[in-house]
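Student:
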Amino acid sequence: MVHGKRLNAQKFSVGGTPRKVLYHSDSRTLLVMRTGLTGASCSSDIVQIDPNNGILLSRFKCELGETAKCIQIAKIGSEQVLIVGTSKSTDRPMMPNGEAESIKGRLIVLSLDTLGSPHECSSFIPTSNLSSSSHTGSFPEIVGYANEDFSSNSMCSSPDDICYNQIQFEQIAGHLRSLTHVTFTGAVLAVYPYLDRYVLAAAGNTLSVFGFVNENPHRMKKYAVSRTRFTITCLKTYGSQIAAGDCRDGVLFCSYHENLRKLELIYADPAQRLVGDVVLLDCETAVVSDRRGSISVLSCPGLEEFLKVQKRT
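Anchor point for the sequence shown: position 293 equals 293 in UniProt numbering, and the numbering is continuous, going up by one each time.
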């Protein structure tokens with residue numbers, strides 16, 4: 001720890017439960033996936049927030065009864081998009097034995113090219129009154145939480161810390177625009193961009209590769225599909241290598257053959273494990289965490305060269 005240094009802190013309540021936060025560098029804003037909203041219109045949404053002052057800039061509302069499960073930023077041609085995976089049920093997405101429940105889910109593509117920097121939008125006028133009782137805007141279901149009180153001897157406390165009781169949403173720029181969507185049998189628990197022109201989506205025990213006709217984000221097409229024994233909970237890529245986390249069978253290494261439009265299982269986890277998350281260090285090495293408190297490093301020397309030979313044949 002660096003002594004004599006401290007972090008400046010700003011805090012705003014965004015309502016509900018923020019499940020995931022992404023930073024959109026082009027607009028210098030945050031994309032926040034929220035669940036647990038108490039309004040009648042929806043219980044889950046995606047919002048764009050100015051990190052400097054907490055102003056809500058735009059929003060995409062999930063359908064009634066639908067919950068956002070995952071989000072990732074991807075680039076399709078020259079356009080940036082946000083890919084969203086959802087569950088259309090409040091029930092658990094998998095059975096206790098790891099098999100997928102027979103519920104519906106959606107893969108949604110949202111446009112990010114319409115997002116502007118908050119500094120470029122003159123309509124965003126911060127308000128000095130942040131009391132939740134004064135809000136009569138478009139989002140009455142968002143309720144501010146009370147500030148946390150820091151003790152005087154807390155390392156985190158500072159007289160300069162800035163706290164906001166309530167996110168500022170009086171000035172709304174618009175809505176995150178949906179370009180297209182696909183409905184699955186199974187909740188979409190993981191999505192990931194692939195090779196700068198595809199999108200991977202895991203719904204239940206199904207892994208799908210989607211492309212976009214003529215790099216048009218409005219025209220999404222399924223190119224390949226593969227199935228695992230149990231529910232896929234996470235996805236990561238490195239180059240052409242795909243790592244899919246099966247909730248019971250561990251990490252599965254896959255590759256997509258563009259000429260054949262086929263997903264191929266290259267390598268299976270030597271042990272069954274309850275996968276928490278996975279990251280690919282390179283084409284041959286994966287680090288996986290499990291729900292029993294362990295982190296494992298899986299490697300397959302020569303796999304990268306093997307994949308190169310396969311692509312040439």
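For glycine and all other residues, C-beta sits at the position ideal for the given N, C-alpha and C.
Just so you know, these numbers come straight off a predicted model, no measurement behind them.
For cysteine 42, I'd like the list of residues in its chain whose CB is within less than 8 Å of its CB, leaving aside the five on either flank, ordered along the chain.
Tutor: Here the question's residue 42 lines up with position 42 in the sequence shown. Within the same chain, cysteine 42 has close Cβ partners Lys61, Cys62, Glu63, Leu64, Glu66.
Student: Check this for me: beta carbons of residue 315 and tyrosine 194, under 8 Å apart or not?
Tutor: Since the first residue of the chain shown is 1 and the last is 313, residue 315 is not available in this structure.
Student: Between which two residues does the beta strand (DSSP E) harbouring phenylalanine 230 extend?
Tutor: Position 230 of the sequence shown, counting from 1, holds the residue named residue 230. Unbroken run through phenylalanine 230: none, as it is neither H nor E.
Student: Roughly how many angstroms separate the alpha carbons of serine 27 and isoleucine 266, rounded to a whole number?
Tutor: Counting from one through the sequence shown, the residue named residue 27 turns up at place 27. Counting from one through the sequence shown, the residue named residue 266 turns up at place 266. Roughly 39 Å between the two C-alpha positions.
Student: Less than 8 Å between C-beta atoms, sequence neighbours within five positions excluded: which residues of the same chain meet that for tyrosine 238?
Tutor: Here the question's residue 238 lines up with position 238 in the sequence shown. Excluding residues within five positions, the ones whose Cβ falls inside 8 Å are Leu280, Leu281, Asp282, Cys283.
Student: Taking C-alpha atoms, which residue in Ala224, Arg219, Ala9, Ser58 lies nearest to alanine 202?
Tutor: For the purposes of this step, residue 202 is identified with residue 202 of the sequence shown, where counting begins at 1. Distance check between alanine 202 and each of Ala224, Arg219, Ala9, Ser58 places Ala224 closest, using alpha-carbon atoms only.
Student: Nearest to leucine 176 by CA position, among Ala190, Ile108, Gly211, is which residue?
Tutor: Residue mapping note: residue 176 aligns to position 176 of the sequence shown, counting from 1. Looking at the Cα atoms, Ile108 is the closest of the given residues.
Student: Does leucine 260 pass the burial test, meaning 16 or more other C-beta atoms within 10 Å, or should it be called exposed?
Tutor: Residue numbering aside, residue 260 sits at position 260 when the sequence shown is read from its first letter. So leucine 260 ends up on the exposed side.
Student: As an exercise, report each continuous beta strand (DSSP E) stretch of at least 3 residues that is fully enclosed by the UniProt domain "RSE1/DDB1/CPSF1 C-terminal" (175-301), in chain order.
Tutor: 178-185, 188-194, 198-203, 206-212, 220-227, 232-238, 241-246, 250-257, 262-268, 275-282, 285-290, 295-299
Student: Assign cysteine 42 to one of three DSSP states: helix, strand, or coil.
Tutor: By 1-based counting over the sequence shown, the position of residue 42 is 42. Coil, per DSSP.
Student: Among residues of its own chain, excluding the 5 on either side of leucine 274, which ones have a beta-carbon nearer than 7 Å to its beta-carbon?
Tutor: Locating residue 274 in the sequence shown gives position 274, counting from the first residue. Scanning its chain for C-beta atoms nearer than 7 Å, with the 5 sequence neighbours on each side dropped, one finds around leucine 274 the residues Cys247, Arg248, Asp290, Arg291, Arg292, in chain order.
Student: Does the beta-carbon of residue 347 have 16 or more other beta-carbons within 10 angstroms, so that it is buried, or is it exposed?
Tutor: Residue coverage of the chain in this structure runs from 1 to 313, which leaves residue 347 outside it and unanswerable.
Student: Here's a check: name, in chain order, each residue in its chain whose Cβ is nearer than 6 Å to the Cβ of tyrosine 198, leaving out the five neighbours to either side.
Tutor: The residue given as residue 198 occupies position 198 in the sequence shown. Once the five neighbours on either side are set aside, the close Cβ partners of tyrosine 198 are Val209, Gly211.
Student: According to the neighbour-count rule (16 or more other Cβ atoms, all chains shown, within 10 Å of its Cβ), is lysine 69 buried or exposed?
Tutor: Along the sequence shown, one-based indexing puts residue 69 at 69. Counting Cβ neighbours within 10 Å, lysine 69 comes out buried, since at least 16 surround it.
Student: Looking at C-alpha atoms only, which residue of Leu30, Thr35, Leu37, Gly36 is the closest neighbour of isoleucine 49?
Tutor: Within the sequence shown, numbered from 1, the residue matching residue 49 stands at position 49. Ranking the options by Cα distance to isoleucine 49, first place goes to Leu30.
Student: Round the Cβ separation of proline 301 and leucine 189 to the nearest angstrom and send it over; I've been treating them as touching at under 8 Å.
Tutor: Along the sequence shown, one-based indexing puts residue 301 at 301. Along the sequence shown, one-based indexing puts residue 189 at 189. That belief does not hold up - the Cβ atoms of proline 301 and leucine 189 are roughly 31 Å apart, past 8 Å.
Student: Rounded to whole angstroms, what's the CA-CA distance from isoleucine 103 to asparagine 8? Just pull it up for me.
Tutor: Numbered from 1 along the sequence shown, position 103 holds the residue referred to as residue 103. Numbered from 1 along the sequence shown, position 8 holds the residue referred to as residue 8. Approximately 44 Å, taken between the alpha carbons.
Student: From this set, Ala187, Leu22, Leu263, which residue's C-alpha is nearest threonine 86's C-alpha?
Tutor: Against the sequence shown, residue 86 aligns to sequence position 86. Among Ala187, Leu22, Leu263, the Cα nearest to that of threonine 86 belongs to Ala187.
Student: Got a sec? Which residues, its chain only, sit under 8 Å from serine 255 by beta carbon, not counting five neighbours each side?
Tutor: One-based indexing of the sequence shown puts residue 255 at position 255. Here the set comprises Ser240, Gln241, Ile242, Leu263, Glu264, Ile266, Leu307, Gln310.
Student: Please list, in chain order, all residues of the same chain as histidine 218 whose beta carbon is under 7 Å from its beta carbon, the five residues on each side excluded.
Tutor: Reading the sequence shown from its first residue, position 218 is the one you call residue 218. Correct list, in chain order: Leu179, Thr180.
Student: Alpha carbon to alpha carbon, how far is tyrosine 58 from isoleucine 295?
Tutor: Position 58 of the sequence shown holds residue 58. Position 295 of the sequence shown holds residue 295. Contrary to the premise, residue 58 reads as serine rather than tyrosine in this sequence. Taking the straight line from one Cα to the other gives about 38 Å.
Student: Using 10 angstroms around the beta-carbon of tyrosine 23, count the other beta-carbons present and answer buried if the total reaches 16, otherwise exposed.
Tutor: Here residue 23 corresponds to residue number 23 of the sequence shown, with the count starting at 1. Tyrosine 23 should be labelled exposed.
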